[in-house]
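Visitor: Residue numbers (my numbering): 258 to 667.
Cβ coordinates follow ideal geometry from the N, Cα and C atoms, glycine included.
Sharing a structure below in structure tokens format, with a few things to ask.
This is the structure we're talking about:
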């Protein structure tokens, strides 16, 4: 009789009863215990400051010592730590920690104001609120307020006639021309702004036969100031004479070459690169010349008044010949305005050439040339212009060389 003995199952036995084959001898004796695996925490690498590393590498290449490089690294790390702390502090602050109050100081509070009925208002007092008006369309139209017309600058300019606008534009152009002329002229009145020592030397160079009495008379401060003031007044008079002569020639050239009667379009002027100086109308230029004449008359009157003041500076011991004084001051002004007079002569020639070019171009376009002929004309004019400019540059260089030779020989 076969007897089967059943072994008691341990708690660690598996479902099929086979556990001896799977477990080690030590596990069989002690029993199956769950193995606890200690998970080692992986240290995260700190993010590298690539910018700082590149900067330190650059310093090493430049030959900076290690101590200064370490100091820069420490300061950069401290700044980075402070920035991270500030970020943490910003995150801990709650977003909705403020309570919206319905008070008057809350900017988000919206108030709806009730509007009063303006129909009940009359002469600063309010009438009875009862219905005293009919609400038909006729009554509403009768009491409707008229819109006021707006007074804008655009409406005023439209009302002005075209002739007045053109006259104002011409006057503005004349003023611009006058301002540019005055700016150029101020730089040429150099002798009036010199110091007393230089002015005395210039005065000595124009005195006839080295008059000792005149130079002795100019030594006192009051007399010398009188001479300088009279020179300034004379300079003003002769400057206005040059100005008047220039613009009179402007009118003559414009009339002879018909710059105002026969007009060219702006496209033709731009295509042919004309320096057209006759944009100002004839009437506005005549007004400007009259204004110059008035200024010249006032300047001459100031000179005559200043001449009469010479008696106050005369002394019985030191009498001076007045004729010699005025001749010397006039010679000084003429000598000082030499460059200015040359400048005005150059401007006269330029105005004349501009008027001639304008008339020649107008005559060419009056013949109604073809497009090819216009192109050939423009090429010829451009070549002529380039030749004149190159010749001008050559003349300027020759003058510079001549001035250098004179300077070296002296």
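Would you identify the three-state DSSP class for residue 583, choosing helix, strand or coil?
Guide: Reduced to three states, the DSSP call for residue 583 is helix.
Visitor: For the structure I just gave you, are there three or more beta carbon pairs, one from the region 603-620 and one from the region 495-512, closer than 8 Å?
Guide: With a cut-off of 8 Å, the region 495-512 and the region 603-620 count as touching, because enough Cβ pairs lie within range.
Visitor: Can you tell me the Cβ-Cβ gap for residue 526 and residue 622, rounded? I've got them flagged as a contact below 8 Å.
Guide: Residue 526 to residue 622, Cβ: 11 Å. No contact.
Visitor: Counting pairs of Cβ atoms below 8 Å between the region 477-491 and the region 561-568, do you hit three or more?
Guide: Short answer: they touch.
Visitor: On a CA-only basis, which of 633, 584, 599 is nearest residue 461? Give me that one, please.
Guide: It is 584.
Visitor: Indicate the three-state DSSP secondary structure (helix, strand or coil) for residue 649 in the structure shown.
Guide: DSSP places residue 649 in helix when its eight states are reduced to three.
Visitor: Residue 593 by DSSP, collapsed to three states: which one?
Guide: Of the three classes helix, strand and coil, the one that applies to residue 593 here is helix, per DSSP.
Visitor: Just verifying my parser: in three-state terms, what is the DSSP assignment at residue 668?
Guide: Only positions 258 to 667 of the chain appear in this structure, which leaves residue 668 out of reach.
Visitor: Are the beta-carbon atoms belonging to residue 552 and residue 635 less than 8 Å from one another?
Guide: Their beta carbons are not under 8 Å apart, which means residue 552 does not touch residue 635 by this criterion.
Visitor: Which class does residue 305 belong to by DSSP, given the choice of helix, strand or coil?
Guide: Of the three classes helix, strand and coil, the one that applies to residue 305 here is coil, per DSSP.
Visitor: In chain order, which continuous runs of the alpha helix (DSSP H) of length 4 or greater are located wholly inside the region 442-529?
Guide: Correct list: 453-463, 469-474, 478-513, 523-528.
Visitor: Using the Cα positions of residue 599 and residue 590, report the straight-line distance between them to the nearest angstrom.
Guide: C-alpha separation (whole angstroms): 14 Å.
Visitor: Would you please state the rounded distance, in angstroms, between the beta carbons of residue 316 and residue 326? I believe it to be under 8 Å.
Guide: Going by Cβ atoms, the distance from residue 316 to residue 326 rounds to 5 Å, so yes, they are a contact pair.
Visitor: Quick one: measure Cβ to Cβ for residue 618 and residue 531, integer angstroms, because I've assumed they're closer than 8 Å.
Guide: The Cβ separation is near 6 Å, so the contact holds.
Visitor: Near residue 615, what residues of its chain come up, given a Cβ to Cβ distance below 8 Å and the 5 sequence neighbours on each side ignored?
Guide: Cβ within range, chain order: 514, 516, 521, 531, 533, 535.
Visitor: Since residue 586 and residue 491 are thought to touch, with beta carbons under 8 Å apart, how far apart are those beta carbons, to the nearest angstrom?
Guide: Right, the Cβ-Cβ distance comes to about 6 Å (below 8 Å), so this counts as a contact.
Visitor: If we ignore side chains and look at the alpha-carbon of each, how far apart do residue 648 and residue 632 end up?
Guide: If you take the alpha carbons of residue 648 and residue 632, they lie about 25 Å apart.
Visitor: Apply the 10 Å Cβ neighbour rule to residue 472 and answer buried if 16 or more other Cβ atoms are within range, or exposed otherwise.
Guide: Result: exposed.
Visitor: Just the Cα atoms here: how many angstroms apart are residue 495 and residue 629?
Guide: Taking the straight line joining both Cα atoms gives about 51 Å.
Visitor: Give the DSSP-derived three-state secondary structure of residue 322 in the structure shown.
Guide: Coil.
Visitor: Of the residues 576, 645, 594, which one's Cα is nearest the Cα of residue 610?
Guide: Selected option, being the one with the closest Cα: 645.
Visitor: Note down, in chain order, each residue of its chain lying with its Cβ closer than 6 Å to the Cβ of residue 523, except the 5 sequence neighbours on either side.
Guide: There are no such residues.
Visitor: Could you round the C-beta distance between residue 597 and residue 507 to whole angstroms and report it? I think they count as a contact, below 8 Å.
Guide: So it is not a contact: roughly 18 Å between Cβ atoms.
Visitor: Should residue 571 be labelled buried (16 or more other beta-carbon atoms within 10 Å of its own) or exposed?
Guide: By the neighbour-count rule (16 or more Cβ atoms within 10 Å), residue 571 is not buried but exposed.
Visitor: Whole angstroms is fine: what's the gap from residue 444's alpha carbon to residue 594's?
Guide: With a pLDDT of 47 at residue 444, under the threshold of 50, the modelled position of this residue cannot be trusted; read the value that follows with caution. Straight-line Cα distance between these residues: approximately 11 Å.
Visitor: Near residue 557, which residues of its chain fall below 8 Å by C-beta distance, leaving aside the five closest residues on each side in sequence?
Guide: Correct list, in chain order: 494.
Visitor: Work out the CA separation of residue 510 and residue 236 for me, nearest whole Å.
Guide: The chain is shown only over 258 to 667; residue 236 falls outside these bounds and no answer can be derived.
Visitor: Can you grab the Cα-Cα spacing for the pair residue 449 / residue 458, in whole Å?
Guide: Computed Cα separation, rounded: 13 Å.
Visitor: Going by the beta-carbon positions, is the gap between residue 592 and residue 463 smaller than 8 Å?
Guide: Against a cut-off of 8 Å, the Cβ pair of residue 463 and residue 592 comes out as a contact.
Visitor: For residue 305 and residue 312, I'd like the C-alpha separation in whole angstroms.
Guide: Roughly 13 Å separates the two Cα atoms.
Visitor: CB residue 549 to CB residue 497, shorter than 8 Å?
Guide: Against a cut-off of 8 Å, the Cβ pair of residue 497 and residue 549 comes out as a contact.
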